[in-house]
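Data block below; observations after.
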Amino acid sequence: MEAGEIQERVLKILTPYVKDAEALAKAGPETNILEDLKVNSARLVDVVLAFEDDFDIEIADEDVDAVNTVGDCVALIGRKL
Amino acid sequence: MGTPSKRERLGLQLQLAISRLLSPIWVPALAAVMGGPLGWRIEGRAELRRRYAELRRSRSGPLLLCANHLTMLDSFVIGWALGSPAFYLRDFGALPWNTPERQNFASTWWKRGLAYLLKCVPLERGADRVQVARVLDKVVHLLRRGQTVLIFPEGGRSRSGRVELESAAYGVGRIVRALPGCQVLCVYLRGAGQQSWSDAPRRKERFRGRIRAIEPKSDQRGLRGSVEVARQIVATLVEMEREHFHDRQ
């Protein structure tokens, strides 16, 4: 799967958790999920679980530690696919 | 999970040694303040202490304490509810470590010093995940060494005043899964006047507490397993809360 396609699906999954919709519209690989998109840190786990369901992959606890930006998500999912 | 660096392990060892050395002063002093000027009382305290001491004696693996969270002073009240100063001076490992929010005591040097003395490993809420993981590694390290640690699995004070299953922070599940045979002692403590969350319990508060030991498990792998374990713990606290209010009626 192409990185662009993964990013598109990642942003779609993030949408209900994002508090700054304007930032989401301009989001790119460098966009920080917590700081820029204002996703609640406690909800980050739900986002990652949604990645598991949507992409049919399994993500380890440790993998979540490396998830800070949209690009991190794309890279992580790309490795698992 | 990872292991704390050698420097971090030595730091924890030093903190424990200093805290223990000064414990004959600060442990009785804290208990005296809670029972004296603050006038707090805990119904059924003797029974809670007896059961905790028994659990601590008979444990075969790590023992993690998980409690509901209504005020910034909950960890003190819980420590006081579960053991007398004499008990903690005999078994200093039974006095739980805490992971308070750094911002709550970072403002002055004396607060930071107090937190150091009172067995705290500060946690920055919303911090970089790698930083949070390092704190979790320290907690696992302490539990492996026979220390007890108190965690508030909702991740913060209950904003609704009730234990919220949806607030379960998965980090607690991660800790439990990293420690085979880890027992979780769920602690539910609430004052008669505590309708909601606040900074501190009122003076002359009357607390009522209950404890329940569980060994949460999950067949799920990865993150999903940790989330399931965390939810089992918070679900137990929800049930204990229901029993608490049922008993009060």
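Protein sequences, first through last, are from chains A and B.
With the first letter of the first sequence counted as 1, position 35 gets the number 37 in our numbering; the numbers rise by one all the way through.
With the first letter of the second sequence counted as 1, position 201 gets the number 207 in our numbering; the numbers rise by one all the way through.
From the three backbone atoms N, C-alpha and C, an ideal C-beta is built for every residue, glycine too.
Helix, strand or coil at residue i [DSSP, three-state]
i      : result
B/W116 : helix
A/C75  : helix
B/R237 : helix
A/N42  : coil
A/E54  : helix
A/E32  : coil
B/G45  : coil
B/L191 : strand
B/F213 : strand
B/N74  : coil
B/L129 : strand
B/G162 : coil
A/E37  : coil
CB-CB length for residue i against residue j, believed under 8 Å
i      : j      : result
B/K117 : B/E14  : About 22 Å; that fails the 8 Å criterion.
A/D67  : B/R135 : 4 Å
B/V127 : B/G177 : At roughly 13 Å, the Cβ-Cβ gap does not stay under 8 Å, so B/V127 and B/G177 are not in contact.
B/P181 : B/L54  : A small correction: the amino acid at residue 181 of chain B is Ile; Pro does not occupy that position in the sequence shown. With 8 Å as the limit, B/I181 and B/L54 do not qualify as a contact, their Cβ atoms being about 23 Å apart.
B/A236 : B/G179 : 4 Å
A/I15  : A/N70  : The pair is not a contact, with the Cβ atoms about 16 Å apart (cut-off 8 Å).
B/R3   : B/E130 : Nothing can be reported for residue 3 of chain B, as the shown portion of chain B is limited to 7 through 255.
A/V76  : A/P31  : 7 Å
B/G215 : B/G45  : Not confirmed; about 17 Å, so no contact.
B/P34  : B/P91  : 4 Å
B/A198 : B/R209 : B/A198 to B/R209, Cβ: 13 Å. No contact.
Beta-carbon proximity of residue i to residue j, cut-off 7 Å
i      : j      : result
A/L46  : A/V20  : no
B/L149 : B/L185 : yes
B/T77  : B/A206 : yes
B/V155 : B/L70  : yes
B/F158 : B/H252 : no
B/Q19  : B/G99  : no
B/N110 : B/S81  : no
A/I59  : A/V50  : no
B/S232 : B/R183 : yes
If you measure beta-carbon to beta-carbon, which residues of the segment 51 to 68 of chain A are closer than 8 Å to chain B? L51, E54, E60, I61, A62, D63, E64, D65, V66, D67, A68
Inspect the CB distances between the segment 224 to 233 of chain B and the segment 56 to 67 of chain B and report whether three or more fall short of 8 Å. No, the segment 224 to 233 of chain B is not in contact with the segment 56 to 67 of chain B.
Using 8 Å as the threshold, is the segment 224 to 243 of chain B in touch with the segment 186 to 198 of chain B, meaning 3 or more CB pairs across them? Flag = yes, the segment 224 to 243 of chain B and the segment 186 to 198 of chain B touch.
Selection of the segment 25 to 48 of chain A by Cβ proximity to chain B, strictly under 7 Å: L36, S43, A44, V47
If the cut-off is 7 Å on Cβ atoms, which residues from the segment 224 to 238 of chain B count as contacting chain A, listed in chain order? R227, G228, L229, R230, S232, V233
Anything in the segment 170 to 201 of chain B with a Cβ closer than 7 Å to a Cβ of chain A? List those residues in chain order, please. S173, A175, Y176, R180
By the 8 Å beta-carbon criterion, what residues does the segment 148 to 162 of chain B contribute toward chain A? G161
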